[in-house]
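Protein chains: 2
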Amino acid sequence: MATPRTPYPQAARELLRETLFGAARDELERRAWSEITMSDIAAAAGVSRQTLYKEFGSRKEFGLAFVIHEGEHFLDDVDAAVKQHIDDPRTAVNAAFELFLRAAGEDSLIRILLSDDGTGGMLPFVTTQGMPVVQWATARLATTIGEAWPQAPEADIQLLSEALVRLAISHITAPSGSPDTTASSVSALLGPFVDGVLDS
Amino acid sequence: MATPRTPYPQAARELLRETLFGAARDELERRAWSEITMSDIAAAAGVSRQTLYKEFGSRKEFGLAFVIHEGEHFLDDVDAAVKQHIDDPRTAVNAAFELFLRAAGEDSLIRILLSDDGTGGMLPFVTTQGMPVVQWATARLATTIGEAWPQAPEADIQLLSEALVRLAISHITAPSGSPDTTASSVSALLGPFVDGVLDS
DNA sequence: GGCCCTTTGTAACGTGGATTGACAAATTAC
DNA sequence: GTAATTTGTCAATCCACGTTACAAAGGGCC
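Line order of the protein sequences matches chains A and B.
Whatever position you read off the first sequence (first residue = 1), add 38 for our numbering.
Whatever position you read off the second sequence (first residue = 1), add 38 for our numbering.
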């Protein structure tokens, strides 16, 4: 492995964040986001409330960081799926999109997150207040695409990435069909653009 | 999983020790123990020298803890091997002993540790000053045996464990034959005793 | 509306662990 | 034998975290 060994201070900080995220996840499996206090999370992590506030400025920021943190996992999978189809961009889009929908649909946390009756859940993080998530996911996806097809124009990659992210978020919050039919529709819709931009 | 979530403070302390051990291992893959200073280890871990001295009192204590830490891995394997042959104690001894010799012989760190020309290496930790290691390994092995054969007398388990540990250390520091022939010899030697004590 | 209770967010203060710098003693190099 | 390095220890300082307290902002209840 090419690990130059993470210095302890960074590792400790990362451990702190990871512990807090893990504590939040545990709590979320029992109560709703609106019923979980910052004290609960801090206590579950074995840390004071102030430490939590210093690491993440506010409740909203923590929620945001948490959602993004959970999302990393999905984007990793998407990255891998895309890079298995470098020879065929349209198939790559289809495969990655379907994988994402399926994985998200099966994830317990996502389902909890979406079972929001409107009383202070986490849904706003990916919808009405979702810009940070959209921007983060777009940048992440653009990196993946840029690595897979280095010759593609940056602007086109950006455009495609954001559209895919928005479509993906839309379809997990409000699914219209099965993952495979949805993925087919999206790849048919964006296929022509994708071919023009990414096909070598 | 039955993880009640490790509180951050404990996890951080464990992380510190783990980082220091990892740093030491990295250094040992390049220089000999005698050429590695406490400063080197601390720096490689991203920590001050005092932190290292506070966690482990002295250079010798750190070396000892390090050797034991590396040994954990082998004893885990031995534990698993033993418990695959609860029905046949003599075979268990044979299998575990051979596994240990083979694993130790293939481990890069062990080989480095043993390539000691007498100028301040780590060999004394398992030989002339090896009592702590022997006691630790004996206790660990006795636990394994006690769990596998609960009806065996404590004193006999202790006696057998210590002998096995000493034989194992001797044979990795000065091998007389291949792992399988050595293991056969040992199990033949201790077989009668083992049968009398452990066989149900 | 008005009241009470909880939670959020911030601030002040105390504390313990970590860093820094310095030092004598022991070891090693020359 | 001297110089240089390293070990082991100490004091001073710094910084992250914990504790307590408090104003402000909802949320529930009457």
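The beta-carbon is built from N, C-alpha and C at its ideal position, and this holds for glycine as well.
Keeping to the same chain, check which residues put their C-beta closer than 6 Å to that of L228 of chain B; ignore five residues upstream and five downstream. Numbered from 1 along the second sequence, position 190 holds the residue referred to as residue 228 of chain B. Excluding residues within five positions, none has a Cβ falling inside 6 Å.
Which residues mark the beginning and the end of the alpha helix (DSSP H) in which K98 of chain B is found? Taking the first residue of the second sequence as position 1, residue 98 of chain B is located at position 60. Residues R97 to V120.
For V131 of chain B, three-class secondary structure by DSSP: Position 93 of the second sequence holds residue 131 of chain B. Residue state, collapsed to three classes: helix.
Between which two residues does the alpha helix (DSSP H) harbouring Q196 of chain A extend? On the first sequence, residue 196 of chain A is found 158 positions in, with the first residue counted as 1. It spans E192 to T211 - the alpha helix (DSSP H) in which Q196 of chain A sits, taken as one unbroken run.
Taking 8 Å as the cut-off, decide whether the C-beta atoms of R69 of chain A and A80 of chain A are in contact. Counting from one through the first sequence, the residue named residue 69 of chain A turns up at place 31. Counting from one through the first sequence, the residue named residue 80 of chain A turns up at place 42. No, they are not a contact pair.
Say whether chain A places a C-beta atom closer than 8 Å to the C-beta of Y91 of chain B. Against the second sequence, residue 91 of chain B aligns to sequence position 53. It does not; no Cβ of chain A falls within 8 Å.
Please return the same chain residues whose Cβ sits closer than 7 Å to the Cβ of A243 of chain B, not counting the five positions on each side in sequence. There is no way to answer for residue 243 of chain B, as the model of chain B reaches only from 39 to 238.
Does A193 of chain B pass the burial test, meaning 16 or more other C-beta atoms within 10 Å, or should it be called exposed? Here the question's residue 193 of chain B lines up with position 155 in the second sequence. Under this definition A193 of chain B is an exposed residue.
Just verifying my parser: in three-state terms, what is the DSSP assignment at E67 of chain B? As a working note, residue 67 of chain B is residue 29 in the second sequence. E67 of chain B falls in the coil class under three-state DSSP.
Our contact map puts V235 of chain A next to A190 of chain A with C-beta atoms below 8 Å; I'd like the distance itself, whole angstroms only. Counting from one through the first sequence, the residue named residue 235 of chain A turns up at place 197. Counting from one through the first sequence, the residue named residue 190 of chain A turns up at place 152. Contact flag correct, Cβ pair sits at about 5 Å.
Are E93 of chain B and R55 of chain B closer than 8 Å when you measure CB to CB? Start at 1 with the first residue of the second sequence, and residue 93 of chain B comes out as number 55. Start at 1 with the first residue of the second sequence, and residue 55 of chain B comes out as number 17. Contact flag set, yes.
Looking at chain B, which residues of the stretch 93-111 of chain A have a Cβ within less than 7 Å of any of its Cβ atoms? none
If you check the beta carbons only, do A83 of chain B and T57 of chain B fall under 8 Å apart? In the second sequence, the residue the question calls residue 83 of chain B occupies position 45. In the second sequence, the residue the question calls residue 57 of chain B occupies position 19. The answer is yes: Cβ separation under 8 Å.
Check whether the Cβ of L2 of chain B lies closer than 8 Å to any Cβ atom in chain A. With chain B covering only 39 through 238, there is no way to say anything about residue 2 of chain B.
To the nearest angstrom, how far is it from the Cα of I183 of chain A to the Cα of T129 of chain A? Counting from one through the first sequence, the residue named residue 183 of chain A turns up at place 145. Counting from one through the first sequence, the residue named residue 129 of chain A turns up at place 91. Answer to the nearest angstrom: the Cα atoms are 13 Å apart.
Report all residues from its chain with a CB closer than 8 Å to the CB of L202 of chain A; omit the five preceding and five following residues, and keep chain order. For the purposes of this step, residue 202 of chain A is taken as the residue at position 164 of the first sequence. Contacts found: V131, F135, L179, V224 and L228.
Could you check what DSSP says for S216 of chain B in three-state terms: helix, strand or coil? Stepping through the second sequence from its first residue, residue 216 of chain B is reached at position 178. The answer is coil: DSSP assigns S216 of chain B none of H, G, I, E or B.
Buried or exposed: which applies to E73 of chain A, given that a residue is buried once 16 or more other Cβ atoms fall within 10 Å of its Cβ? Numbered from 1 along the first sequence, position 35 holds the residue referred to as residue 73 of chain A. Exposed is the call here.
Compare the C-alpha of A221 of chain B against each of B:V232, B:P230 and B:H209 and name the closest. Counted from its first residue, the second sequence places residue 221 of chain B at position 183. Considering only alpha carbons, the answer is B:H209.
Short CB-CB distance (under 8 Å) between D64 of chain A and chain B: Taking the first residue of the first sequence as position 1, residue 64 of chain A is located at position 26. So yes, D64 of chain A belongs to the interface.
Verify the CB distance criterion: does T75 of chain A have a CB-CB separation below 8 Å to chain B? Taking the first sequence and counting its residues from 1, the one referred to as residue 75 of chain A is at position 37. No - not a single Cβ of chain B is within 8 Å of the one on T75 of chain A.
A142 of chain B beta carbon less than 8 Å from that of F112 of chain B: In the second sequence, residue 112 of chain B corresponds to position 74, counting from 1. In the second sequence, residue 142 of chain B corresponds to position 104, counting from 1. Yes, the pair counts as a contact, with Cβ atoms nearer than the cut-off.
Closest by CA to S199 of chain B, which one among B:Y91, B:V171 and B:L66? Looking up residue 199 of chain B in the second sequence gives position 161. Looking at the Cα atoms, B:V171 is the closest of the given residues.
Determine the direct distance from the alpha carbon of E144 of chain B to that of L66 of chain B, and round the result to whole angstroms. In the second sequence, counting from the first residue as 1, residue 66 of chain B sits at position 28. In the second sequence, counting from the first residue as 1, residue 144 of chain B sits at position 106. Going by the C-alpha atoms only, they are around 16 Å apart.
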